[in-house]
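The number in the numbering used here is simply the position in the sequence shown, starting from 1, with 40 added.
Heads up, the thing below is written out as structure tokens.
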Amino acid sequence: MITALRHINELVISGKMMEAFEKYYHDEVIMQENDMPATIGKAANR
Numbered sequence: 041m042i043t044a045l046r047h048i049n050e051l052v053i054s055g056k057m058m059e060a061f062e063k064y065y066h067d068e069v070i071m072q073e074n075d076m077p078a079t080i081g082k083a084a085n086r
């Protein structure tokens, strides 16, 4: 797990957030910002 966290951190620092998102986030990821409704799935969160 530590190795994966380091890899995610390296990707984000090097400007490759979408690569980290594609590799490490679940296909049915649920994301929410503040009072906004939740967005479900990788496709909806891209």
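For every residue, glycine included, the Cβ atom is placed at its ideal position computed from N, Cα and C.
Keep in mind it's a predicted model, so treat the numbers as computed, not measured.
- prompt: For M57, which three-state DSSP category applies?
  reply: helix
query: What residue range is occupied by the uninterrupted alpha helix (DSSP H) comprising A84?
result: 82 to 85
- request: Starting from the Cα of G81, find the closest Cα among I48, E50, V69, I42 and give me that residue.
  value: V69
- prompt: Would the beta-carbon of M71 fall within 9 Å of that of A60?
  reply: No, they are not a contact pair.
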